[in-house]
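> Mind looking over this structure? Questions follow.
Number of protein chains: 2
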Amino acid sequence: MFETLEVGRRLKRSEYNDLQLPLRQKLLEAQFELAQQDYPVIIVVAGLDGAGKGTLVHRLNEWMDPRGIETNTYWEHSDEEESRPYFWRFWRSLPPRGKIGIFLGSWYTRPAQAAVDDQMSREEFAVACQQIESFERMLHDDGALVIKLWLHVSEEVQRAQLEGKAPRSQQNPRVSDRPYELHGNYAKTLEASEKLILGTDSSHSRWHLIEAQDRYYRDITAGEIIAEAMQAHKPRNQPLPAGPSDADDIAVTGRQPTVLDGVDLTKSMEKDKYKKKLAAYQDKLQDLSWKAYRQRRSVVAVFEGWDAAGKGSAIRRVTGAIDPRLYKLVQVGAPTDEENAQHYLWRFWRQLQRDGRATFFDRSWYGRVLVERVEQFASPAEWQRAYSEINQFERQLVAHGCIVLKFWIHISKDEQMARFKTRAQEPHKRHKITDEDWRNREKWHDYELAVDQMVSHTSTQHAPWTLVAGNDKPWARIQILKTFCKTMSAALDKEK
Amino acid sequence: MFETLEVGRRLKRSEYNDLQLPLRQKLLEAQFELAQQDYPVIIVVAGLDGAGKGTLVHRLNEWMDPRGIETNTYWEHSDEEESRPYFWRFWRSLPPRGKIGIFLGSWYTRPAQAAVDDQMSREEFAVACQQIESFERMLHDDGALVIKLWLHVSEEVQRAQLEGKAPRSQQNPRVSDRPYELHGNYAKTLEASEKLILGTDSSHSRWHLIEAQDRYYRDITAGEIIAEAMQAHKPRNQPLPAGPSDADDIAVTGRQPTVLDGVDLTKSMEKDKYKKKLAAYQDKLQDLSWKAYRQRRSVVAVFEGWDAAGKGSAIRRVTGAIDPRLYKLVQVGAPTDEENAQHYLWRFWRQLQRDGRATFFDRSWYGRVLVERVEQFASPAEWQRAYSEINQFERQLVAHGCIVLKFWIHISKDEQMARFKTRAQEPHKRHKITDEDWRNREKWHDYELAVDQMVSHTSTQHAPWTLVAGNDKPWARIQILKTFCKTMSAALDKEK
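As given, the protein sequences belong to chains A and B, one line each in that order. Take any residue in the first sequence, note its place counting from 1, add 25, and you have its number in our numbering. Take any residue in the second sequence, note its place counting from 1, add 25, and you have its number in our numbering.
Written out as structure tokens, the structure reads:
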């Protein structure tokens with residue numbers, strides 16, 4: 026693979042000077058065009074040590090308008106990063122729409138390093154490649170342009186660079202006094218790199234391999250690749266072909282049972298029994314939350330349900346059992362503009378708490394396949410691909426050791442009406458009922474279908490949905506607390 | 026001080042039930058009123074261990090609409106927090122305008138703990154109190170309502186709680202198996218608490234002391250204090266009395282010399298000499314940046330100057346010498362809405378890099394006393410108090426070990442005109458010149474005055490301004506690089 030990158034491509038200084046000015050202009054034009062667009066550009070600068078990745082990043086910042094670029098480097102990982110799923114650190118520095126994010130060190134760094142150090146099995150490596158592929162495809166599907174550059178140098182050039190023999194070299198070994206760790210690993214690095222490149226080269230996110238020995242050739246080539254990719258980019262957001270699970274498909278067949286019809290809404294619990302059970306489960310949950318803390322296991326819990334289903338009060342029965350230092354409650358409302366300028370999952374990633382802590386979401390990423398679908402805030406293509414995006418997201422949480430719980434609190438349409446009326450009458454509850462609630466009620470059947478498909482697509486072994494019978498609030502709360510205790514008990518003391 | 030808090034205030038359960046409903050209503054009304062306002066509410070819940078701080082926080086979340094509240098707990102500090110000035114962690118979780126932030130554990134926790142453990146001298150303790158006072162005054166001046174609650178219990182009640190004898194108690198010792206560390210320290214804790222409360226009780230940010238033995242009395246009292254404070258709050262934003270340094274004062278005396286007149290704009294450097302010096306200083310700066318990294322010293326550098334003064338190209342000469350992993354360049358443009366919903370310094374705090382790294386600001390917090398002053402985006406009261414707010418901010422940076430550099434790149438009005446014309450002609454520079462630049466030019470004299478007063482108020486021993494002669498770009502760049510090298514050399518190897 027790399028033999029074509031040691032053939033001696035080079036530019037004379039005069040050629041470089043001639044090419045530089047029109048290239049800069051092209052890049053600037055592409056950048057100004059981008060500023061008007063609603064997608065970001067993500068540039069991954071990867072390659073061998075000594076190939077001049079850092080210098081290229083400097084050059085790109087020099088050529089383009091730095092006001093539209095953010096350069097992110099990944100190097101020493103903080104404990105805040107290490108105590109969350111691997112991709113959290115990349116999510117938190119993704120560029121907003123209209124801007125460029127340059128990544129020097131990226132999601133490729135760790136698998137590459139691990140492969141060179143023989144610290145990853147063949148299977149783990151395949152999983153890592155697949156995760157990268159999903160991540161980049163998701164960004165691409167959202168409109169992002171992903172440009173990946175790989176800089177290659179021969180073993181001789183690398184050695185000269187790393188040993189400081191190259192002119193005006195700027196290097197890493199200054200971090201410590203130990204001899205540069207990749208010395209002698211050149212062949213192995215190439216081998217791992219080839220596997221990584223092959224495993225992550227896809228039509229929507231191609232690798233560009235660049236011979237990097239000559240800095241003039243390297244910089245001009247990288248610049249041209251970026252300029253052309255930016256000029257050519259048309260964000261794709263076309264509807265996927267509608268599958269058998271598409272809403273229209275079901276709608277034409279009339280009112281069919283959904284998974285919600287299986288929830289027994291007649292269940293209830295008497296006050297005395299409720300109080301006893303509440304106290305017992307809260308005590309247990311308190312213990313379990315400290316145990317999870319000690320075992321550095323985090324919990325991510327999602328609460329969804331009909332308006333007035335009692336999400337808030339159910340959540341309070343859960344949080345009431347847990348030390349405030351051990352959890353964060355996230356109320357999901359309208360996104361801020363920083364959130365709107367990102368992939369829709371970004372605002373949820375940014376809320377994830379550290380290992381040992383719980384994050385509770387009052388409404389969640391499932392809004393994408395519920396309200397955004399029903400209200401047509403998301404296109405069919407967007408909400409349909411959201412199922413797999415969400416599954417990927419939750420799989421990453423679970424793989425990191427999170428315990429994922431998801432509740433849909435179900436009530437009947439009549440029960441909802443009764444609660445709306447009560448709310449309208451009680452002064453301290455009046456704020457809870459809005460015009461929007463009445464409007465949502467009219468779309469009851471659309472929501473039923475959306476919930477049915479949501480459960481069908483996203484209730485997985487590692488992150489199953491719990492459908493809660495909510496007509497009787499005590500019953501619902503105990504069911505939720507019980508599920509918490511059961512799930513956490515089963516998960517703790519096990520291997521991550 | 027605390028003897029009045031052990032007199033046996035209590036409520037019967039029936040009284041509590043009667044009082045709870047109207048109180049909730051009052052709190053909710055205050056909260057909805059707040060949502061329309063452009064200031065945040067900051068509630069500090071402090072007090073003795075075993076006094077029920079956590080339970081009170083649960084109660085407040087239950088009583089109010091959790092959609093408008095964010096609860097922040099400070100406990101185990103992350104390395105991202107520890108490697109930045111102490112207040113960074115609080116800045117990053119301040120509530121936006123219209124919302125409530127509850128702080129369980131706060132800026133009081135560390136000084137209180139240190140005082141109990143005898144790890145803080147009397148002088149350090151005084152400095153800590155003063156920092157807290159400045160922080161809260163700044164928030165208050167920006168409109169925020171700060172409510173501070175101190176929960177007190179007697180030694181007997183504390184012991185019963187901590188030893189788990191109290192009914193339904195929820196405690197900390199589960200974190201570890203060691204006996205609760207405050208045992209036996211009750212008297213000492215009271216002593217330190219009293220000092221801390223006295224040192225930070227001010228008219229704009231009062232402490233409310235609450236007898237907390239009876240949970241009914243505690244919760245109702247805390248709720249009433251919050252409801253009343255929220256109802257009564259009128260954010261103050263009145264102009265300060267204009268001091269002798271006010272702009273008007275100088276304007277009436279006609280065109281007087283300013284500090285900028287002392288900059289010798291005839292300075293220049295020949296190309297050959299420039300190239301040699303550039304290479305030498307960049308090499309030196311490269312070494313120094315690694316040295317700073319090894320010594321865990323961070324650098325914060327501010328670049329300000331006239332439009333077309335050459336800030337961008339000067340910054341590139343600095344960053345060009347530094348490994349991209351060791352710095353972050355922050356381009357300060359229009360604030361996002363998340364930034365607009367916070368104190369104006371928030372957007373700069375959030376950018377600070379970790380120990381050992383540099384943060385470069387292309388434009389900065391000085392916008393408050395430059396463009397925001399001249400364009401009247403900030404009221405006189407706002408930009409006048411900004412001087413001391415900025416000094417406080419920079420003092421915290423320096424106290425933490427940051428090396429702070431500030432550059433104003435000065436050019437003559439004629440030189441600016443010449444550069445505007447060139448920019449308009451060169452295609453790859455055309456984007457740099459906007460209508461706004463021409464408008465700013467008309468206000469040259471207003472900016473001169475603003476710069477003069479900025480330097481006068483904020484050029485301090487620990488964070489001095491460097492006025493750079495910018496008519497000749499090579500000269501300016503070398504002057505900046507030289508200042509970097511000199512300042513960093515002097516600061517490194519010294520005690521933080």
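Beta carbons are placed, not taken as given, at the ideal position from N, Cα and C, and that holds for glycine.
Got a sec: which bits of the region 382-393 of chain B sit with their beta carbon under 8 Å from any beta carbon on chain A, in order along the chain?
ASP387
> When DSSP builds the beta bridges, which residues end up paired with PHE386(B)?
Start at 1 with the first residue of the second sequence, and residue 386(B) comes out as number 361. For PHE386(B), which the question treats as bridged, DSSP gives the partners VAL327(B), VAL355(B).
> Three Cβ pairs or more, each shorter than 8 Å: is that satisfied between the region 89-108 of chain B and the region 140-147 of chain B?
no
> In chain order, what residues of the same chain have a beta carbon less than 7 Å from the beta carbon of LEU30(A), not counting five sequence neighbours either side?
As a first step, residue 30(A) must be located in the first sequence, where it is residue number 5. Closer than 7 Å at Cβ, skipping near neighbours: HIS177, LEU234, GLU236.
> Could you tell me whether any Cβ in chain B is nearer than 9 Å to the Cβ of SER131(A)?
Taking the first residue of the first sequence as position 1, residue 131(A) is located at position 106. With 9 Å as the cut-off, SER131(A) does not count as an interface residue toward chain B.
> Considering just the uninterrupted stretch of the beta strand (DSSP E) at ILE125(B), what are its terminal residues?
As a first step, residue 125(B) is located in the second sequence; it is residue number 100 there, counting from the start. Residues 125-129.
> Once you ignore the five residues that flank GLU525(A) on each side, which residues in its own chain have a CB closer than 8 Å to its CB?
Residue 525(A) is absent from the structure shown; chain A starts at 26 and stops at 521.
> So that I know if they touch, is there some Cβ in chain B lying closer than 9 Å to that of GLY345(A)?
Counting from one through the first sequence, the residue named residue 345(A) turns up at place 320. So yes, GLY345(A) belongs to the interface.
> Compute the Euclidean distance between the alpha carbons of SER437(A) and SER159(A), then round it to the nearest angstrom.
The residue given as residue 437(A) occupies position 412 in the first sequence. The residue given as residue 159(A) occupies position 134 in the first sequence. C-alpha separation (whole angstroms): 38 Å.
> I'd like the list of long-range same chain contacts for ALA501(A), defined as Cβ closer than 7 Å, with 5 residues on each side in sequence excluded.
Locating residue 501(A) in the first sequence gives position 476, counting from the first residue. Hits under 7 Å: GLY335, ALA339, ILE434, VAL493, ALA494, GLY495.
> Assign PHE160(A) to one of three DSSP states: helix, strand, or coil.
Position 135 of the first sequence holds residue 160(A). If DSSP states are grouped into helix, strand and coil, PHE160(A) belongs with the helices.
> From this set, LEU174(A), GLU188(A), ASN465(A), ASP90(A), which residue's C-alpha is nearest GLY79(A)'s C-alpha?
Within the first sequence, numbered from 1, the residue matching residue 79(A) stands at position 54. That would be LEU174(A), whose Cα lies nearest to the Cα of GLY79(A).
> Would you say LEU44(A) reaches chain B, if we count a Cβ-Cβ gap shorter than 9 Å as a contact?
Within the first sequence, the letter at position 19 stands for residue 44(A). Not an interface residue.
> Which residue's Cα is closest to the Cα of LEU81(B): ILE68(B), ARG92(B), GLY93(B)?
On the second sequence, position 56 is the one that residue 81(B) refers to. Of ILE68(B), ARG92(B), GLY93(B), the residue nearest in Cα terms is ILE68(B).
> Cβ atoms of LEU517(A) and ALA317(A): under 9 Å apart, would you say?
As a first step, residue 317(A) must be located in the first sequence, where it is residue number 292. As a first step, residue 517(A) must be located in the first sequence, where it is residue number 492. In contact: ALA317(A) and LEU517(A) (Cβ atoms closer than 9 Å).
> Flag this pair as touching only if the region 461-478 of chain B and the region 395-415 of chain B have three or more C-beta atom pairs under 8 Å; answer yes or no.
Short answer: they touch.
> When you compare the CB of ARG375(A) with every CB in chain B, is at least one pair closer than 9 Å?
As a first step, residue 375(A) must be located in the first sequence, where it is residue number 350. Chain B places no beta carbon closer than 9 Å to that of ARG375(A), leaving this residue out of the contacts.
> May I ask you to report which of helix, strand or coil DSSP gives GLY168(A)?
Within the first sequence, residue 168(A) is the residue found at index 143, counting from 1. Coil, per DSSP.
> ASP289(B) CB to nearest chain A CB: under 9 Å?
One-based indexing of the second sequence puts residue 289(B) at position 264. Taking Cβ atoms only, chain A never reaches closer than 9 Å to ASP289(B), which makes this a no.
> Can you find the residues in the same chain that come closer than 6 Å, C-beta to C-beta, to THR246(B), ignoring five residues on each side of it along the sequence?
For the purposes of this step, residue 246(B) is taken as the residue at position 221 of the second sequence. The answer, listed in chain order, is ILE235.
> Any contact between the region 470-485 of chain B and the region 354-362 of chain B? By contact I mean 3 or more CB pairs, one from each, below 8 Å.
no
> Determine the DSSP secondary structure at PHE373(B), reduced to helix, strand or coil.
Residue mapping note: residue 373(B) aligns to position 348 of the second sequence, counting from 1. PHE373(B): helix per DSSP, three-state reduction.
> What residues from chain A crowd round PHE57(B), counting only those whose CB sits closer than 7 Å?
In the second sequence, residue 57(B) corresponds to position 32, counting from 1. Chain A residues near PHE57(B): HIS456.
> Going by C-alpha distance, which of GLY168(B), PHE432(B), GLU149(B), ARG240(B) is nearest ASP387(B)?
Counting from 1 along the second sequence, the entry for residue 387(B) is found at position 362. Of the listed residues, the one whose Cα sits closest to ASP387(B) is PHE432(B).
> Does the distance from the CB of ALA9(A) to the CB of ILE251(A) come in under 9 Å?
Because residue 9(A) is not part of the residues shown, which for chain A are 26 to 521, the question remains open.
> Taking the CB atoms as reference points, tell me whether LEU422(A) and ALA488(A) lie closer together than 9 Å.
Counting from one through the first sequence, the residue named residue 422(A) turns up at place 397. Counting from one through the first sequence, the residue named residue 488(A) turns up at place 463. For the 9 Å CB-CB criterion, LEU422(A) and ALA488(A) form a contact.
> Using C-beta distances below 6 Å, list every residue in its chain close to ASP226(B), excluding the 5 sequence neighbours before and after it, in chain order.
Taking the first residue of the second sequence as 1, we reach residue 226(B) at position 201. Result list for ASP226(B): TRP232, in chain order.
> May I ask you to verify whether the region 121-137 of chain B touches the region 61-75 of chain B, counting CB pairs closer than 8 Å and requiring at least 3?
Segment contact: the region 121-137 of chain B against the region 61-75 of chain B, three or more CB-CB distances shorter than 8 Å; contact assigned.
> Do you know offhand how far LEU290(B)'s Cα is from LYS498(B)'s?
The count along the second sequence starts at 1 and reaches residue 290(B) at position 265. The count along the second sequence starts at 1 and reaches residue 498(B) at position 473. Roughly 11 Å separates the two Cα atoms.
> Please report how far the alpha carbon of LEU215(A) lies from the alpha carbon of GLN367(B), in whole angstroms.
Numbered from 1 along the first sequence, position 190 holds the residue referred to as residue 215(A). Numbered from 1 along the second sequence, position 342 holds the residue referred to as residue 367(B). Each residue's Cα considered, the two are about 49 Å apart.
> DSSP three-state label for ILE436(B), please.
Position 411 of the second sequence, counted from the first residue, corresponds to residue 436(B). Residue state, collapsed to three classes: coil.
> Determine the DSSP secondary structure at GLU451(A), reduced to helix, strand or coil.
Within the first sequence, residue 451(A) is the residue found at index 426, counting from 1. Three-state DSSP puts GLU451(A) in coil, outside helix and strand.
> Does the count of Cβ pairs from the region 94-101 of chain B and the region 343-354 of chain A closer than 8 Å reach three?
yes
> For TRP100(B), return the contacting residues in chain A, with the cut-off set at a CB-CB distance below 8 Å.
Taking the first residue of the second sequence as position 1, residue 100(B) is located at position 75. Chain A residues near TRP100(B): ARG350.
> Which same chain residues end up closer than 6 Å to GLY330(A) when comparing Cβ atoms and leaving out the 5 residues on each side of it in sequence?
Taking the first sequence and counting its residues from 1, one reaches residue 330(A) at position 305. Counting only Cβ-Cβ distances below 6 Å, and skipping sequence neighbours, we find LYS336, TRP433, ILE434.
> Got a sec? Which residues, its chain only, sit under 7 Å from ASP239(A) by beta carbon, not counting five neighbours each side?
Residue numbering aside, residue 239(A) sits at position 214 when the first sequence is read from its first letter. Once the five neighbours on either side are set aside, the close Cβ partners of ASP239(A) are ARG34, ARG35, LEU36.
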